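Trainee: If you scroll down you'll find the structure; I have some questions about it.
Numbering (full-length UniProt numbering), first residue to last: 1 to 343.
Shown next as C-alpha coordinates:
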(Lines of atoms letter the chains of each structure in order from A and count residues from 1; the text may use other names and numbers.)
(Lines give C-alpha, C1' and ligand atoms only; values in the text may rest on other atoms or scores of the structure.)
Protein backbone atom coordinates (compact mmCIF):
# COMPACT_ATOMS: atom_id res chain seq x y z
CA UNK A 1 0.00 0.00 0.00
CA UNK A 2 1.30 3.43 -0.92
CA UNK A 3 1.08 6.16 1.72
CA UNK A 4 0.56 9.75 0.65
CA UNK A 5 2.04 12.30 3.02
CA UNK A 6 0.80 15.87 2.61
CA UNK A 7 3.44 18.55 3.23
CA UNK A 8 3.13 22.28 3.79
CA UNK A 9 4.25 22.99 0.24
CA UNK A 10 1.36 20.99 -1.26
CA UNK A 11 -1.84 22.93 -1.85
CA UNK A 12 -5.22 21.49 -1.01
CA UNK A 13 -7.29 22.01 -4.17
CA UNK A 14 -10.52 21.75 -2.20
CA UNK A 15 -9.73 24.59 0.18
CA UNK A 16 -9.76 28.28 -0.70
CA UNK A 17 -8.82 30.37 2.35
CA UNK A 18 -10.47 33.48 0.91
CA UNK A 19 -13.78 31.95 -0.25
CA UNK A 20 -17.12 32.53 1.47
CA UNK A 21 -19.80 29.85 1.79
CA UNK A 22 -23.52 30.45 2.52
CA UNK A 23 -22.99 28.95 5.98
CA UNK A 24 -20.64 31.83 6.81
CA UNK A 25 -23.27 34.46 6.03
CA UNK A 26 -24.55 36.12 9.22
CA UNK A 27 -27.88 35.15 10.74
CA UNK A 28 -30.60 37.73 11.39
CA UNK A 29 -30.23 37.51 15.19
CA UNK A 30 -26.45 37.92 14.98
CA UNK A 31 -26.80 40.91 12.64
CA UNK A 32 -29.29 42.58 15.01
CA UNK A 33 -26.91 41.99 17.90
CA UNK A 34 -24.16 43.76 15.95
CA UNK A 35 -26.47 46.68 15.20
CA UNK A 36 -27.03 47.18 18.92
CA UNK A 37 -23.26 46.98 19.50
CA UNK A 38 -22.68 49.72 16.90
CA UNK A 39 -25.30 51.98 18.51
CA UNK A 40 -23.69 51.47 21.91
CA UNK A 41 -20.27 52.23 20.39
CA UNK A 42 -21.55 55.54 19.01
CA UNK A 43 -22.88 56.52 22.45
CA UNK A 44 -19.68 55.58 24.27
CA UNK A 45 -17.47 57.24 21.63
CA UNK A 46 -19.49 60.45 21.92
CA UNK A 47 -19.12 60.43 25.70
CA UNK A 48 -15.37 59.81 25.30
CA UNK A 49 -15.07 62.78 22.93
CA UNK A 50 -17.02 65.03 25.34
CA UNK A 51 -14.94 63.95 28.35
CA UNK A 52 -11.62 64.40 26.50
CA UNK A 53 -12.60 67.82 25.17
CA UNK A 54 -13.98 69.32 28.38
CA UNK A 55 -12.00 67.51 31.10
CA UNK A 56 -8.67 66.16 29.85
CA UNK A 57 -7.87 69.01 27.44
CA UNK A 58 -8.13 71.70 30.18
CA UNK A 59 -6.01 69.50 32.48
CA UNK A 60 -3.39 69.12 29.73
CA UNK A 61 -3.31 72.90 29.21
CA UNK A 62 -2.91 73.42 32.96
CA UNK A 63 -0.04 70.91 33.05
CA UNK A 64 1.73 72.80 30.24
CA UNK A 65 1.68 75.96 32.35
CA UNK A 66 3.16 74.33 35.47
CA UNK A 67 6.87 74.86 36.26
CA UNK A 68 9.26 71.99 35.63
CA UNK A 69 9.84 71.23 39.32
CA UNK A 70 6.14 70.47 39.75
CA UNK A 71 6.11 68.00 36.85
CA UNK A 72 9.45 66.31 37.58
CA UNK A 73 10.78 65.28 40.97
CA UNK A 74 14.06 66.96 42.00
CA UNK A 75 15.54 63.54 42.78
CA UNK A 76 14.85 62.56 39.18
CA UNK A 77 16.77 65.59 37.85
CA UNK A 78 19.79 64.74 40.01
CA UNK A 79 19.77 61.03 39.24
CA UNK A 80 22.25 59.57 36.74
CA UNK A 81 20.43 57.55 34.11
CA UNK A 82 21.14 53.89 33.56
CA UNK A 83 19.25 52.95 30.40
CA UNK A 84 18.75 49.30 29.45
CA UNK A 85 17.73 48.73 25.81
CA UNK A 86 16.68 45.17 24.97
CA UNK A 87 17.02 44.61 21.23
CA UNK A 88 19.62 47.32 20.64
CA UNK A 89 21.48 45.89 17.67
CA UNK A 90 19.43 47.53 14.90
CA UNK A 91 16.29 49.43 13.98
CA UNK A 92 14.27 51.06 16.76
CA UNK A 93 16.54 49.73 19.52
CA UNK A 94 19.73 51.08 17.97
CA UNK A 95 18.07 54.45 17.37
CA UNK A 96 17.15 54.54 21.06
CA UNK A 97 20.81 54.03 21.91
CA UNK A 98 21.66 56.99 19.66
CA UNK A 99 19.02 59.12 21.40
CA UNK A 100 20.76 58.71 24.77
CA UNK A 101 24.35 58.50 23.48
CA UNK A 102 24.91 62.28 23.68
CA UNK A 103 23.95 62.54 27.37
CA UNK A 104 27.02 62.95 29.55
CA UNK A 105 26.94 60.79 32.66
CA UNK A 106 24.35 58.39 31.26
CA UNK A 107 25.11 54.68 31.16
CA UNK A 108 23.51 52.74 28.30
CA UNK A 109 23.27 48.95 28.52
CA UNK A 110 22.81 47.82 24.92
CA UNK A 111 21.51 44.25 25.07
CA UNK A 112 20.88 41.91 22.15
CA UNK A 113 21.08 38.27 21.13
CA UNK A 114 23.09 39.29 18.02
CA UNK A 115 26.33 40.38 19.66
CA UNK A 116 28.37 40.70 16.46
CA UNK A 117 25.81 43.04 14.89
CA UNK A 118 25.45 44.93 18.16
CA UNK A 119 29.21 45.56 18.52
CA UNK A 120 29.48 46.76 14.91
CA UNK A 121 26.55 49.13 15.45
CA UNK A 122 28.03 50.55 18.66
CA UNK A 123 31.48 50.96 17.07
CA UNK A 124 29.86 52.95 14.24
CA UNK A 125 28.83 55.59 16.80
CA UNK A 126 32.45 56.40 17.68
CA UNK A 127 33.23 58.19 20.95
CA UNK A 128 30.09 59.22 22.82
CA UNK A 129 29.51 61.33 25.97
CA UNK A 130 27.43 58.46 27.39
CA UNK A 131 29.03 55.20 28.47
CA UNK A 132 27.75 52.30 26.33
CA UNK A 133 28.04 48.73 27.59
CA UNK A 134 27.24 45.74 25.38
CA UNK A 135 25.53 42.78 26.97
CA UNK A 136 24.05 39.56 25.61
CA UNK A 137 20.36 38.96 26.28
CA UNK A 138 18.05 36.59 24.42
CA UNK A 139 14.34 36.71 25.22
CA UNK A 140 13.96 33.05 24.22
CA UNK A 141 16.16 32.01 27.16
CA UNK A 142 14.54 30.23 30.15
CA UNK A 143 12.71 32.55 32.54
CA UNK A 144 15.21 32.23 35.36
CA UNK A 145 18.16 32.96 33.11
CA UNK A 146 16.50 36.14 31.81
CA UNK A 147 15.62 37.33 35.33
CA UNK A 148 19.13 36.54 36.60
CA UNK A 149 20.59 38.43 33.63
CA UNK A 150 18.53 41.53 34.44
CA UNK A 151 19.60 41.45 38.09
CA UNK A 152 23.25 40.91 37.10
CA UNK A 153 23.20 43.97 34.81
CA UNK A 154 21.55 45.96 37.59
CA UNK A 155 24.35 45.05 40.02
CA UNK A 156 27.11 45.63 37.48
CA UNK A 157 25.99 48.89 35.84
CA UNK A 158 22.94 50.00 37.82
CA UNK A 159 20.74 50.73 39.47
CA UNK A 160 18.74 50.55 36.24
CA UNK A 161 16.51 53.63 35.93
CA UNK A 162 15.09 53.03 32.42
CA UNK A 163 14.25 49.92 30.44
CA UNK A 164 13.18 49.87 26.79
CA UNK A 165 11.96 46.49 25.55
CA UNK A 166 12.21 46.44 21.76
CA UNK A 167 13.40 42.90 21.07
CA UNK A 168 11.21 40.12 19.75
CA UNK A 169 10.32 38.10 16.67
CA UNK A 170 8.00 38.95 13.80
CA UNK A 171 6.31 36.87 11.13
CA UNK A 172 5.62 39.98 9.02
CA UNK A 173 2.80 39.08 6.61
CA UNK A 174 3.08 35.46 5.61
CA UNK A 175 0.59 32.69 5.05
CA UNK A 176 -0.29 31.38 8.51
CA UNK A 177 -0.84 27.85 7.20
CA UNK A 178 2.73 27.73 5.90
CA UNK A 179 4.29 28.45 9.28
CA UNK A 180 5.37 25.63 11.55
CA UNK A 181 4.11 25.24 15.09
CA UNK A 182 7.66 25.53 16.39
CA UNK A 183 8.05 28.98 14.84
CA UNK A 184 4.85 30.11 16.55
CA UNK A 185 6.07 28.75 19.87
CA UNK A 186 9.32 30.67 19.41
CA UNK A 187 7.38 33.88 18.79
CA UNK A 188 5.33 33.33 21.95
CA UNK A 189 8.47 32.49 23.92
CA UNK A 190 10.25 35.71 22.92
CA UNK A 191 7.40 38.19 22.61
CA UNK A 192 5.32 37.13 25.61
CA UNK A 193 7.29 34.91 28.01
CA UNK A 194 10.61 36.69 27.51
CA UNK A 195 9.16 40.19 27.49
CA UNK A 196 7.03 39.68 30.61
CA UNK A 197 9.91 38.03 32.50
CA UNK A 198 12.36 40.85 31.66
CA UNK A 199 9.88 43.63 32.45
CA UNK A 200 8.65 42.15 35.73
CA UNK A 201 12.20 41.42 36.90
CA UNK A 202 13.10 45.06 36.26
CA UNK A 203 9.84 46.30 37.77
CA UNK A 204 10.56 44.46 41.02
CA UNK A 205 13.90 46.25 41.28
CA UNK A 206 12.37 49.65 40.48
CA UNK A 207 9.40 49.16 42.82
CA UNK A 208 11.68 48.61 45.81
CA UNK A 209 13.51 51.87 44.99
CA UNK A 210 10.35 53.86 44.31
CA UNK A 211 11.54 55.06 40.93
CA UNK A 212 11.88 53.84 37.36
CA UNK A 213 10.72 54.15 33.77
CA UNK A 214 9.53 51.21 31.69
CA UNK A 215 8.80 51.36 27.96
CA UNK A 216 7.54 48.34 26.02
CA UNK A 217 6.92 48.11 22.27
CA UNK A 218 3.59 46.59 21.29
CA UNK A 219 1.97 47.30 17.93
CA UNK A 220 -1.08 48.79 16.27
CA UNK A 221 -1.43 45.37 14.66
CA UNK A 222 -2.57 44.20 18.09
CA UNK A 223 -5.70 46.34 17.61
CA UNK A 224 -6.65 45.28 14.08
CA UNK A 225 -4.65 42.93 11.86
CA UNK A 226 -5.10 40.59 8.89
CA UNK A 227 -6.33 37.09 9.71
CA UNK A 228 -3.10 35.61 8.33
CA UNK A 229 -1.11 37.51 10.99
CA UNK A 230 -2.98 35.69 13.76
CA UNK A 231 0.12 34.81 15.80
CA UNK A 232 1.83 38.20 15.66
CA UNK A 233 -1.39 40.22 16.09
CA UNK A 234 -2.59 38.22 19.10
CA UNK A 235 0.84 38.41 20.74
CA UNK A 236 1.02 42.18 20.28
CA UNK A 237 -2.55 42.51 21.56
CA UNK A 238 -1.39 40.84 24.76
CA UNK A 239 1.64 43.16 25.01
CA UNK A 240 -0.57 46.23 24.54
CA UNK A 241 -2.95 45.09 27.29
CA UNK A 242 -0.17 43.98 29.64
CA UNK A 243 1.71 47.28 29.36
CA UNK A 244 -1.26 49.63 29.66
CA UNK A 245 -2.52 47.70 32.71
CA UNK A 246 0.93 47.62 34.32
CA UNK A 247 1.03 51.42 33.96
CA UNK A 248 -1.87 51.77 36.40
CA UNK A 249 -0.55 49.14 38.81
CA UNK A 250 2.97 50.61 38.87
CA UNK A 251 2.03 54.29 39.26
CA UNK A 252 1.57 54.20 43.09
CA UNK A 253 5.09 52.72 43.36
CA UNK A 254 6.68 55.66 41.51
CA UNK A 255 7.30 53.65 38.34
CA UNK A 256 6.20 55.13 35.00
CA UNK A 257 5.17 52.69 32.25
CA UNK A 258 4.72 53.65 28.60
CA UNK A 259 3.28 51.44 25.85
CA UNK A 260 4.57 52.05 22.33
CA UNK A 261 2.22 51.10 19.50
CA UNK A 262 3.98 51.71 16.18
CA UNK A 263 2.33 51.40 12.81
CA UNK A 264 4.41 50.59 9.73
CA UNK A 265 8.04 51.49 10.57
CA UNK A 266 11.01 51.41 8.21
CA UNK A 267 12.98 48.70 10.03
CA UNK A 268 14.52 45.27 9.50
CA UNK A 269 11.40 43.38 10.60
CA UNK A 270 9.23 45.12 7.98
CA UNK A 271 11.56 44.41 5.05
CA UNK A 272 9.11 42.02 3.34
CA UNK A 273 6.30 44.53 3.70
CA UNK A 274 8.40 47.30 2.14
CA UNK A 275 9.26 45.02 -0.77
CA UNK A 276 5.54 44.76 -1.49
CA UNK A 277 5.38 48.52 -2.14
CA UNK A 278 4.07 51.64 -0.44
CA UNK A 279 7.39 52.96 0.85
CA UNK A 280 5.79 56.31 1.69
CA UNK A 281 3.51 54.57 4.23
CA UNK A 282 6.42 53.69 6.53
CA UNK A 283 7.47 55.93 9.41
CA UNK A 284 11.08 56.49 10.40
CA UNK A 285 12.58 54.35 13.17
CA UNK A 286 14.65 57.37 14.23
CA UNK A 287 11.53 59.53 14.61
CA UNK A 288 9.82 56.80 16.61
CA UNK A 289 12.82 56.48 18.94
CA UNK A 290 12.79 60.26 19.51
CA UNK A 291 9.10 60.15 20.43
CA UNK A 292 9.65 57.17 22.72
CA UNK A 293 12.33 59.06 24.61
CA UNK A 294 10.16 62.17 24.81
CA UNK A 295 7.18 60.19 26.10
CA UNK A 296 9.28 58.45 28.75
CA UNK A 297 11.21 61.49 29.93
CA UNK A 298 8.43 64.09 29.97
CA UNK A 299 5.67 61.85 31.31
CA UNK A 300 1.96 62.43 30.93
CA UNK A 301 1.72 59.95 28.04
CA UNK A 302 0.55 56.38 28.45
CA UNK A 303 0.79 55.39 24.78
CA UNK A 304 3.25 56.49 22.10
CA UNK A 305 1.96 56.04 18.54
CA UNK A 306 3.97 56.66 15.38
CA UNK A 307 3.08 57.46 12.68
CA UNK A 308 0.15 59.22 14.32
CA UNK A 309 -2.01 58.89 11.21
CA UNK A 310 -1.73 55.09 11.46
CA UNK A 311 -2.89 55.24 15.06
CA UNK A 312 -5.93 57.37 14.22
CA UNK A 313 -7.03 54.86 11.58
CA UNK A 314 -6.45 51.76 13.72
CA UNK A 315 -8.17 53.14 16.82
CA UNK A 316 -11.09 54.22 14.66
CA UNK A 317 -11.34 50.67 13.29
CA UNK A 318 -11.43 49.37 16.86
CA UNK A 319 -14.96 50.73 17.03
CA UNK A 320 -16.37 48.41 14.37
CA UNK A 321 -18.74 45.68 15.51
CA UNK A 322 -17.69 41.99 15.46
CA UNK A 323 -19.34 41.20 12.15
CA UNK A 324 -17.60 44.11 10.42
CA UNK A 325 -14.33 43.29 12.19
CA UNK A 326 -14.46 39.80 10.71
CA UNK A 327 -15.03 41.28 7.25
CA UNK A 328 -12.19 43.76 7.78
CA UNK A 329 -9.72 41.01 8.70
CA UNK A 330 -10.79 39.01 5.64
CA UNK A 331 -10.30 42.03 3.35
CA UNK A 332 -6.86 42.78 4.83
CA UNK A 333 -5.89 39.14 4.38
CA UNK A 334 -7.00 39.23 0.72
CA UNK A 335 -5.00 42.40 0.12
CA UNK A 336 -1.83 41.00 1.69
CA UNK A 337 -2.11 37.67 -0.13
CA UNK A 338 -2.75 39.49 -3.40
CA UNK A 339 0.44 41.52 -2.99
CA UNK A 340 2.43 38.37 -2.26
CA UNK A 341 1.18 36.75 -5.48
CA UNK A 342 2.02 39.88 -7.49
CA UNK A 343 5.56 39.81 -6.11
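Idealized CB from N, CA, C, for every residue including glycine. What you are looking at is a predicted structure, and each value in this text was computed from that prediction instead of being measured.
How far does the alpha helix (DSSP H) with residue 33 in it reach, from first residue to last?
Mentor: Numbered from its first residue, the chain shown carries residue 33 at position 33. Per DSSP, residue 33 belongs to the alpha helix (DSSP H) from 28-51.
Trainee: Examine the Cβ distances between the stretch 224-241 and the stretch 200-207 and report whether three or more of them are shorter than 8 Å.
Mentor: Touching, no, given that fewer than three Cβ pairs across the two stretches are closer than 8 Å.
Trainee: With residue 293 as the anchor, note down where its alpha helix (DSSP H) starts and where it stops.
Mentor: Residue mapping note: residue 293 aligns to position 293 of the chain shown, counting from 1. First-last of the alpha helix (DSSP H) with residue 293: 285-298.
Trainee: Which value, in whole angstroms, describes the spacing of the CA atoms of residue 84 and residue 238?
Mentor: Residue 84 sits at position 84 when you count from the first residue of the chain shown. Residue 238 sits at position 238 when you count from the first residue of the chain shown. So the two alpha carbons sit approximately 22 Å from each other.
Trainee: Can we say the stretch 279-291 touches the stretch 78-98, given the rule of at least three CB pairs closer than 8 Å?
Mentor: Short answer: they touch.
Trainee: Determine whether the beta carbon atoms of residue 139 and residue 158 lie at a separation below 7 Å.
Mentor: Position 139 of the chain shown, counted from the first residue, corresponds to residue 139. Position 158 of the chain shown, counted from the first residue, corresponds to residue 158. Result no, Cβ atoms of residue 139 and residue 158 do not sit closer than 7 Å.
Trainee: In chain order, which continuous runs of the beta strand (DSSP E) of length 3 or greater are located wholly inside the stretch 64-133?
Mentor: Fully enclosed beta strand (DSSP E) runs of 3 or longer: 82-86 and 107-112.
Trainee: What three-state label does DSSP hand residue 141 in the structure shown?
Mentor: Looking up residue 141 in the chain shown gives position 141. Coil at residue 141, not helix or strand.
Trainee: Please state the DSSP three-state secondary structure of residue 307.
Mentor: Locating residue 307 in the chain shown gives position 307, where the first residue counts as 1. Reduced to three states, the DSSP call for residue 307 is coil.
Trainee: According to DSSP, simplified to helix, strand and coil, what is residue 235?
Mentor: Taking the first residue of the chain shown as position 1, residue 235 is located at position 235. Residue 235 falls in the helix class under three-state DSSP.
Trainee: Give me the residue from 248, 310 and 322 with the minimum Cα distance to residue 300.
Mentor: Sequence index remark: in the chain shown, residue 300 carries index 300 (1-based). Of the candidates 248, 310 and 322, the one whose C-alpha sits nearest the C-alpha of residue 300 is 248.
Trainee: Could you round the C-beta distance between residue 26 and residue 303 to whole angstroms and report it? I think they count as a contact, below 8 Å.
Mentor: Within the chain shown, residue 26 is the residue found at index 26, counting from 1. Within the chain shown, residue 303 is the residue found at index 303, counting from 1. That pair is no contact at about 33 Å.
Trainee: How is the alpha helix (DSSP H) around residue 199 delimited, first residue to last?
Mentor: Against the chain shown, residue 199 aligns to sequence position 199. It spans 195-209 - the alpha helix (DSSP H) in which residue 199 sits, taken as one unbroken run.
Trainee: For the beta strand (DSSP E) containing residue 260, name the first residue and the last one.
Mentor: As a working note, residue 260 is residue 260 in the chain shown. Counting along the chain, the beta strand (DSSP E) containing residue 260 begins and ends at 255-262.
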